[in-house]
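Chemist:
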Amino acid sequence: MTIVFGSSTRSVSSYGSSRQDHNEAVTQDINHLVLWFVYLFVARFVCGYVGTLCICTAAVRTTKALRKRFLERLLRQEITHFDVEGGGSVASQVTTNGNRIHLGISEKLYTCAIGISMFFSAFVVALVVQWKLALITMSIVPGIILACGACVGAIIPIEAKLGQLYSQAGIIAQDALGSMKTILAFGAQGKIVSMYDEYLRAAHRVGKKKAIIFGVLFASQTFFTLAGTALAFWEGARLYQSGEIADVGKVITIILSVTLGATSVLFFLPQLEAIANASSAAAELFFIIDKPSTLDPLSSTGNRPETCTGDIEINDLSFSYPTRPGVPVLHNLNLKMPAGKTTALVGPSGCGKSTIVGLLEQWYQPTSGQIFIDGQDIADLNINWLRSQVRLVQQEPTLFQGSIADNVAKGFVGMQKTLPDDSQRQLIQKACKDAGAHGFIQQLPHGYDTQLGEGARMLSGGQRQRIAIARTIVSDPRILLFDEATSALDSRAEKTVQAALDQVSIGKTTLIIAHKLATVMAADNIAVMVNGSVIEQGNHRELIHRDGLYAAMVRAQKLGAEGTEDAAQVNVEPHIHENLKTTKEKDINVPSATERLNLLNANDKKLAVQPSTVETIHASMLKCAFIILAENSNVYLWYFLLGLSYVCVGGTYAIQAVLLSRLIGAFNERNATARHDANFYSLMLFVLALANLLGYFCIGMTCNALGNTFTYRYRKEMLQRILDMDQDFFDSPENASGSLTAKLSSVPDAIEEIMSQNLGLLMNIVINIISSSVLGIAYGWKLGLTLVATGLPLVVGSGYIRVRLDQRLETTTERQYSKSASLATEAIMSIRTVSLLTLESAVLDEYSKCLDSISRDIVRSLVVTLFPYSFSQSAEFLVMGLGFWYGSRLVASGEYTSQQFFTIFIAIIFGGQAAAQFFTWTTSITKATGAANYMLWLRTIRNTVRDIPENGGKAPQDSTFHVALDDVQFSYRQRKASHVIQGISLDIEPGKFAAFVGSSGCGKSTIISLIQRFYDPISGRIVVDDYDIRQFSPSLYRRSMSLVQQEPPLYLGSVRQNVALGLDYEPSADEIHEACRQANILDFVSSLPEGLNTPCGPHGTHFSGGQRQRIAVARAVIRRPRLLLLDEATSALDTQSERAVQAALDGAVLTRTTIAVAHRLSTIKNADVIFVIEDGRIVEQGTHGELLTLKGRYYAMCLAQSFGEG
């Protein structure tokens, strides 16, 4: 282009020297050169389209491959990695880092490559035309390289540190979003945001270090390039005057090449931050990708025996968790589990029972000792083969998004996966029948095809457990491990499932871990563990006869040698069969599960979605920008400095046009005046470079400071707003925790990008266009107006079309990327379930299909959207051709001087290039607009349960709660026609202990949720102290109560932080100690090296289930609640701990109203009133003794648990 431009300049300049003799020949020459501009347009259009399509396609595929590889390597890691690092940040890592890499290696890299190629090609042309001048001008290159290298080298470690901090923040957010009922119950939104804020503040401090670096980066490059242009003109004039350069066209070609080389830096200068970000993001991903794993579940190494009989022997086994190497868990353990026999492990919480399961599953490697299966050390076995032979049902079952059939099918191994669909369905149904799940599944809206949603939250704990059991036994494994497998079941369901487990265990090696000793009485061998060692073992009769620890535990649970009541033998045998006959399958599997799952079915597109879950904000980019600016008055000074800098810098383009036209004019003569003019205007160009040095330093520093501020503010605000949503919001499938965690990273990042560097760049472009257009029209309105009126509409129109197409693509891909992020997060958050089911390959396949679909959609869209984009980037050559053609005629006719023509032409070309450059940022603009709209949409949501003027500041005042339900009916907002609670009325007097019992899924936990006002009933009312609870402030109302759940979540932080989670003040050490003492956890915590400051680990993985439960009890009692809600509060505790905690809770009951949900009836036999729930209705109520006298439903449950009047 510079050669054509130089030749055209020579031709236009020749009008002034020989107008009469050469006008016709010059005009023909210009016409010929104008055609070259058309050829250049075609070449750039084609090459730009093909090049952009290729690099964007390559970027999509590269990013896709990186995402897949990252998840694959993550799934290959040993469990220790997740104990230390956690998995909650996977959404942030995959989404945010993936997006940054894609941005850095697609259009940003392509634009940077164009700028760099322009830079070097310009100097190549200059070297060919006049090597001496080119070499002198190239002296600026080392300065640019040194500046760029030093700055980028300083930025990369800062970005890496930022990535680590945001990853830790992501774990906190993921944990909270995955357990919102706990967060709402304890009013812990502020605590979670505060913990999140600690990492954000740290990141904010680290991010500030980049401001000066980017200021230096921006300033140095623009200074060197513009100073190089001044040097080129100064030296070029000297060489021209001395005759070393004879042709003015060649001089202009060289000068223009240098000018283009200088201005080309503006193409790749703004891209360097995106490329640096991509580099640091890639480093974070490659840290995992390159991390070796000693227990790789996808490795093909290791022995794969043809058969497995299941004989297990543990020799001198010792173990300490890598997170607490100084705390031994197992001590020289020796244990034999003969093939085909059932072995049970019992003992207090934390004694090492579940640790043995982890070692059998090869989640960990023992510190010393060995485990043998069929005489082979499991360390020598292939991990995938081992886990396919050893199947585990955990205490806290994890189900995945998808249908019930899909979840059960995840238990298939080997050839089962290749069976026809009908055969697979038969196996699934058989497993569900054996697990006692078939009945309630049949009553669901779509049976086995019913969609469960994230975490299957719409199912009760018992229903989830039965599906998990079916998933375990569907493959008919040789070794079965049951870690509290029936702890979540009601008595009747437990009896059914236990019978099924006894049946499927026949002929298999079975290991049972249990606190409820009734479930292990039939075991062939029972090993009693204390402090990591087996202290006694034998069958039930033998251990009872020895009268040791096991016998004491049995007495504590009031079970005799035959499993009947010791204290007061009740003659219940004649009634057993009669009552159990009336307990049909429908009594266990009630329609409430059907009602819960109406929303999540295979035809969810047809479902009505509540208005608050539909994104309805579609504000334009400018409106979003104005809203964001209006609410950030603290950055107005930064924006003033940025605007002032860009006004100054943007105005220099017009000044450059004037100076360059003057310099071109200085080459028309060889005399002292021309030499003086060249020296003066070169000096002015150097002064302009100094001005740009200051301006771009302010721009680089200010843009980074603004970006850092916006990232901090909107990450924090977004988490605050999401945590403040009511439970309805989180019940919607599109608001899965993985998707929301991904948005916590991507939305603020997109807003930051457009509101900092990109907004400043757009300001620069607008100022450039305006100043250049005004200058061109002012110097000569005919040519100026012609170029502006024809060139800008072409560029802007084609660019606008691309923006609209990009917005459509962004909307589609955002949904799909959210889905893939949710899938990856779900797998990593449930990594133990994934590993024990050997689902790593299945997860990768599903993730790959999702990414492949996204990739195809993006590439198909690029084929269309790049047409207008390429046109907008090429149209400047058409404008150039038009300018030379029309301008040469104006010069030929004498209307314009050549200097006037060049001033107008250069000014308009600068403006055209700026307009074209604007549309290289359309992808960022589209993403930022969508992100801002999402943030604005979150602000528009009005929760049903919220503080309003009518209830603001109101809370229950009495010291105890009087709770009453008056004809309450309830259905979930998304399916109002299906009632989960059907006309319940009850009265719980102040200070009384009330209990809800019933089969799994009958609505017990729903009542607890209604009392906590997670939802409002559709009719009837809930009254506390004679006030409808809707008259209370929800947050103040919940401060009066505490919840202990069946599966208590713990959060990233110390034991102290978790116990104090529900307090709005910092408790003293004595308060925490007392709460821990009441929960029977104080001695254990005190024995840890760091005491109360011991980290709980991601999701509380540093502690056993029982230990987590006791920390949750401490968290509840420290609030001194007036209403205590216990949802299977002691289900995970061993007998000794249960009695201690139950005694503490019994003491707490005396001073407050207590409502308990329980399957283990021994825990609620002292309740003042027991409500038996069925089908969302109360069918019986009374005290324990009264209900036994009725010999109805409650009586049948007692029989099932061998529990009588005592």
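Take the sequence shown: its position 834, counting from 1, is numbered 834 in UniProt numbering, and each next residue is one higher. Positions of the beta carbon are idealized from the N, C-alpha and C atoms, including for glycine.
Within the chosen definition, does the segment 249-258 reach the segment 696-709 through at least 3 CB pairs nearer than 8 Å?
Modeler: Contact fails: fewer than three Cβ-Cβ distances are below 8 Å.
Chemist: Kindly indicate which three-state DSSP category residue 585 falls into: helix, strand or coil?
Modeler: Residue mapping note: residue 585 aligns to position 585 of the sequence shown, counting from 1. Reliability of the predicted coordinates at residue 585 is poor, the pLDDT of 36 falling under 50, and the value obtained from them is presented with this limitation in mind. Residue 585 falls in the helix class under three-state DSSP.
Chemist: My assumption, with CB atoms under 8 Å, is that residue 1121 sits in contact with residue 1042. Please give the rounded CB distance.
Modeler: Walking along the sequence shown from the start, residue 1121 turns up at place 1121. Walking along the sequence shown from the start, residue 1042 turns up at place 1042. Residue 1121 to residue 1042, Cβ: 4 Å. Contact.
Chemist: Would you kindly work out how many angstroms separate the C-alpha atoms of residue 63 and residue 970, rounded to a whole number?
Modeler: As a position in the sequence shown, residue 63 is number 63, starting the count at 1. As a position in the sequence shown, residue 970 is number 970, starting the count at 1. Answer to the nearest angstrom: the Cα atoms are 47 Å apart.
Chemist: Checking 8 Å against the spacing of the C-beta atoms, do residue 276 and residue 107 come in under that value?
Modeler: By one-based count along the sequence shown, residue 276 stands at place 276. By one-based count along the sequence shown, residue 107 stands at place 107. Result no, Cβ atoms of residue 276 and residue 107 do not sit closer than 8 Å.
Chemist: Count the other CB atoms, across all protein chains shown, that sit within 10 Å of the CB of residue 592; report buried if there are 16 or more and exposed otherwise.
Modeler: By 1-based counting over the sequence shown, the position of residue 592 is 592. Legend: pLDDT at residue 592 = 42, less than 50; position of this residue unreliable, value from coordinates given subsequently. It is buried - the Cβ of residue 592 has at least 16 other Cβ atoms within 10 Å.
Chemist: Quick check: residue 241 and residue 662, are their CB atoms within less than 8 Å of each other?
Modeler: On the sequence shown, residue 241 is found 241 positions in, with the first residue counted as 1. On the sequence shown, residue 662 is found 662 positions in, with the first residue counted as 1. No, these two residues do not count as a Cβ contact at 8 Å.
Chemist: Let me know the alpha helix (DSSP H) ranges lying completely inside the segment 85-127, each 4 residues or longer, listed in chain order.
Modeler: Taking only runs of at least 4 residues, the alpha helix (DSSP H) segments lying wholly in the segment 85-127 are 98-105.
Chemist: Counting along the chain, where does the alpha helix (DSSP H) carrying residue 1102 start and finish?
Modeler: To locate residue 1102, count along the sequence shown from 1; it is residue 1102. Where residue 1102 is concerned, there is no enclosing alpha helix (DSSP H), given that its DSSP letter is neither H nor E.
Chemist: How would you call residue 1247, buried or exposed, if buried means at least 16 neighbouring beta carbons within 10 angstroms?
Modeler: The question about residue 1247 has no answer, for the chain in this structure spans 1 to 1206.
Chemist: Taking 8 Å as the cut-off, decide whether the C-beta atoms of residue 452 and residue 404 are in contact.
Modeler: Walking along the sequence shown from the start, residue 452 turns up at place 452. Walking along the sequence shown from the start, residue 404 turns up at place 404. In contact: residue 452 and residue 404 (Cβ atoms closer than 8 Å).
Chemist: Report the residue from 383, 1182, 659 whose alpha carbon sits nearest the alpha carbon of residue 900.
Modeler: Taking the sequence shown and counting its residues from 1, one reaches residue 900 at position 900. It is 659 whose Cα lies nearest to the Cα of residue 900.
Chemist: Please check the pair residue 1098 and residue 82, which I expect to be a contact at CB under 8 Å, by giving their CB distance rounded to whole angstroms.
Modeler: Locating residue 1098 in the sequence shown gives position 1098, counting from the first residue. Locating residue 82 in the sequence shown gives position 82, counting from the first residue. About 7 Å; that satisfies the 8 Å criterion.
Chemist: Just the C-alpha distance for residue 143 and residue 224, rounded to the nearest angstrom, thanks.
Modeler: For the purposes of this step, residue 143 is taken as residue 143 along the sequence shown, with counting starting at 1. For the purposes of this step, residue 224 is taken as residue 224 along the sequence shown, with counting starting at 1. Rounded to the nearest angstrom, the two C-alpha atoms are 7 Å apart.
Chemist: Per the contact definition of three or more C-beta pairs closer than 8 Å, is the segment 774-790 in contact with the segment 729-740?
Modeler: Short answer: they don't touch.
Chemist: For a test of the three-state rule: what should DSSP assign to residue 708, helix, strand or coil?
Modeler: By 1-based counting over the sequence shown, the position of residue 708 is 708. Helix.
Chemist: Where does residue 578 fall in DSSP's three states?
Modeler: For this step, residue 578 is matched to residue 578 along the sequence shown. Model confidence at residue 578 stands at a pLDDT of 36, short of 50, so the residue's coordinates are unreliable and nothing is read from them.
Chemist: Going by DSSP, which residues form a beta bridge with residue 370?
Modeler: Working through the sequence shown from its first residue, we reach residue 370 at position 370. Answer is 315.
Chemist: Among all the DSSP beta bridges, which residues are the ones paired with residue 1171?
Modeler: Walking along the sequence shown from the start, residue 1171 turns up at place 1171. Per DSSP, 996, 1181.
Chemist: I'd like to know if the segment 311-325 and the segment 182-191 are in contact, where contact means that at least 3 CB-CB pairs between them fall below 8 Å.
Modeler: Short answer: they don't touch.
Chemist: Residue 716: buried (16+ other C-beta within 10 angstroms of its C-beta) or exposed?
Modeler: Translated into positions along the sequence shown, residue 716 becomes position 716. Per the 10 Å Cβ criterion, buried.
Chemist: Are residue 523 and residue 339 closer than 8 Å when you measure CB to CB?
Modeler: In the sequence shown, counting from the first residue as 1, residue 523 sits at position 523. In the sequence shown, counting from the first residue as 1, residue 339 sits at position 339. No, the Cβ-Cβ distance between residue 523 and residue 339 is not below 8 Å.
Chemist: Smallest Cα separation from residue 421: which of 351, 433, 406, 1191?
Modeler: Here residue 421 corresponds to residue number 421 of the sequence shown, with the count starting at 1. Among 351, 433, 406, 1191, the Cα nearest to that of residue 421 is on 406.
Chemist: In chain order, what residues of the same chain have a beta carbon less than 7 Å from the beta carbon of residue 151, not counting five sequence neighbours either side?
Modeler: Position 151 of the sequence shown, counting from 1, holds the residue named residue 151. Cβ within range, chain order: 213, 216, 217.
Chemist: In this structure, how does DSSP classify residue 506 when only helix, strand and coil are distinguished?
Modeler: Residue numbering aside, residue 506 sits at position 506 when the sequence shown is read from its first letter. Three-state DSSP puts residue 506 in coil, outside helix and strand.
Chemist: DSSP has residue 986 in a bridge; who is on the other side?
Modeler: By 1-based counting over the sequence shown, the position of residue 986 is 986. Per DSSP, 965.
Chemist: If you draw a straight line from the C-alpha of residue 790 to the C-alpha of residue 872, how long is it?
Modeler: Indexing the sequence shown from 1 puts residue 790 at position 790. Indexing the sequence shown from 1 puts residue 872 at position 872. Going by the C-alpha atoms only, they are around 13 Å apart.
Chemist: Given this structure, state the Cα-to-Cα distance separating residue 1083 from residue 1077, to the nearest angstrom.
Modeler: Along the sequence shown, one-based indexing puts residue 1083 at 1083. Along the sequence shown, one-based indexing puts residue 1077 at 1077. When rounded, the distance between both Cα atoms is 8 Å.
Chemist: Which of the three DSSP states, helix, strand or coil, is assigned to residue 377?
Modeler: Taking the first residue of the sequence shown as 1, we reach residue 377 at position 377. It is a strand residue.
Chemist: Could you give the distance in angstroms between the alpha-carbon of residue 331 and the alpha-carbon of residue 528?
Modeler: For this step, residue 331 is matched to residue 331 along the sequence shown. For this step, residue 528 is matched to residue 528 along the sequence shown. If I take the Cα positions, the gap works out to 14 Å.
Chemist: Select from 1012, 877, 942, 207 the residue whose C-alpha is nearest the C-alpha of residue 43.
Modeler: Within the sequence shown, residue 43 is the residue found at index 43, counting from 1. Closest option to residue 43, Cα to Cα, is 877.
Chemist: Could you give the DSSP three-state label for residue 336: helix, strand or coil?
Modeler: If you number the sequence shown from 1, residue 336 lands on position 336. Note: residue 336 maps to strand in three-state DSSP.
Chemist: Taking the Cβ atom as the reference point for each residue, do residue 303 and residue 382 lie within a distance shorter than 8 Å?
Modeler: As a first step, residue 303 is located in the sequence shown; it is residue number 303 there, counting from the start. As a first step, residue 382 is located in the sequence shown; it is residue number 382 there, counting from the start. Contact flag set, yes.
Chemist: Less than 8 Å between the beta carbons of residue 335 and residue 532, yes or no?
Modeler: Residue numbering aside, residue 335 sits at position 335 when the sequence shown is read from its first letter. Residue numbering aside, residue 532 sits at position 532 when the sequence shown is read from its first letter. No, Cβ-Cβ distance for residue 335 and residue 532 is not below 8 Å.
Chemist: Identify which residue in 991, 1110, 1032, 1060 has its Cα closest to the Cα of residue 1044.
Modeler: Within the sequence shown, residue 1044 is the residue found at index 1044, counting from 1. Of the candidates 991, 1110, 1032, 1060, the one whose C-alpha sits nearest the C-alpha of residue 1044 is 1110.
Chemist: Specify the secondary structure class of residue 458 as computed by DSSP and reduced to three states.
Modeler: One-based indexing of the sequence shown puts residue 458 at position 458. Coil, per DSSP.
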